[in-house]
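Visitor: Residue numbers (the working numbering): 55 to 314.
We put the CB at the ideal spot given by N, CA and C, even for glycine.
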C-alpha cells in the first residue's frame, strides 16, 4: 500500500482507497505508513485523524521513537484540509526535533509548510526568507518534492503582492515546457495557482496546448471565467478584484487524473 501510494498515487486510485479504508478498519502493522498512504492518496481528513493518533502513541510515556516524519506529514495534511493554526504548531515541534536530532529534511519541510501557510494568509514578506533558506540547504534535483513546494509558496506570495509575472514564472517551475511535473504529486497541487497566475499575467496562451491535452475542455476563456468568479464570503479568490491574500484559503480544488 505504502509503496504504491508513494510511487503512483493516481494509478488505480479507487482500488487503493478501497484497500486503505479496509486496512484502517482492521488491525494492521505499520500504522505510520498507513497514515502516510492516506495523505498521499489525498484522503486528507482520514490522514489527519490517523496522524494525530500516531503522534499520540509516539508521545506516550515509555515509548521510544522518532516522530519527526509523522509531524512533517501532519503539517501538510492539515494544510490540505484548510487548517492553518495546527500546522504552524506542528512546524514548531518539527523544528525543535530537527535541531535536536540533526534532521535536515524535517527542518526543511517545517520551513516550507510555514511558508505555505503564511503565503496563503497573505503574510508574504516572511515567505521569501524561508523559501530561500530551504533552496540553499537542499539539493533541488534530489528533493524535488521540496523544490516544488518552495516554488508554489513563492509563487502564491508573489501573486499576493501583485507581482503576477514573477508569480507565474515561479509557479511555472512546477512543470517543464513539455508539461512534465517537477514532482509526480506535489506539482499538481499548484495547478490551480498556476492557472490563476497565467491569466493574471496574461500568459494563459503559453500553456494552453499541454493543459488541454491533459484536461480536455480547458480553454483560456474557461480560465478567465474561473478567475472572475465572485468569492464566497470569507474565502480567498484569485479574482483581480482581490489583489491580496488576506483571508484563509480553502483546501485545494480536487482535479481530475493525473492531477486529481
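Looking at the secondary structure, which residues open and close the alpha helix (DSSP H) in which residue 132 lies?
Guide: Start and end: 122 to 134.
Visitor: Where does residue 64 sit, in a helix, a strand or coil, going by DSSP?
Guide: Residue state, collapsed to three classes: coil.
Visitor: Only counting the same chain, and skipping five residues up and downstream in sequence, which positions put a Cβ closer than 6 angstroms to that of residue 255?
Guide: The residues are 218, 219 and 222.
Visitor: From what residue to what residue does the alpha helix (DSSP H) around residue 107 run?
Guide: Unbroken alpha helix (DSSP H) run through residue 107: 98 to 112.
Visitor: Excluding the 5 residues preceding and the 5 following residue 189 in the sequence, name in chain order all residues of the same chain whose CB lies nearer than 8 angstroms to its CB.
Guide: Excluding residues within five positions, the ones whose Cβ falls inside 8 angstroms are 201 and 204.
Visitor: Cutting at 6 angstroms between CB atoms, please list the residues of its own chain near residue 144, excluding the five before and the five after it.
Guide: The answer, listed in chain order, is 125, 128 and 129.
Visitor: Between which two residues does the alpha helix (DSSP H) carrying residue 85 extend?
Guide: Segment 85 to 94, the alpha helix (DSSP H) holding residue 85.
Visitor: Just verifying my parser: in three-state terms, what is the DSSP assignment at residue 115?
Guide: If DSSP states are grouped into helix, strand and coil, residue 115 belongs with coil.
Visitor: Use the C-beta contact count for residue 285: other C-beta atoms within 10 angstroms, 16 or more gives buried, fewer gives exposed.
Guide: Model confidence at residue 285 stands at a pLDDT of 46, short of 50, so the residue's coordinates are unreliable; what they give is reported in the following sentence. Label assigned to residue 285: exposed.
Visitor: State the Cα-Cα distance for the pair residue 61 and residue 67, rounded to the nearest angstrom.
Guide: Straight-line Cα distance between these residues: approximately 12 angstroms.
Visitor: Name the two residues that bound the continuous alpha helix (DSSP H) containing residue 376.
Guide: As shown, the chain starts at 55 and ends at 314. That puts residue 376 outside it, with no answer to give.
Visitor: Pull up the distance between the alpha-carbon of residue 244 and that of residue 225, whole angstroms please.
Guide: Using only the alpha carbons, I get a separation of about 7 angstroms.
Visitor: Pull up the CB-CB distance for residue 169 and residue 151, whole angstroms please, since I reckon it's below 8 angstroms.
Guide: Between residue 151 and residue 169 the Cβ distance is about 18 angstroms, and since that is not below 8 angstroms, they are no contact.
Visitor: How about residue 181 and residue 159: do their beta carbons lie closer than 8 angstroms?
Guide: No, these two residues do not count as a Cβ contact at 8 angstroms.
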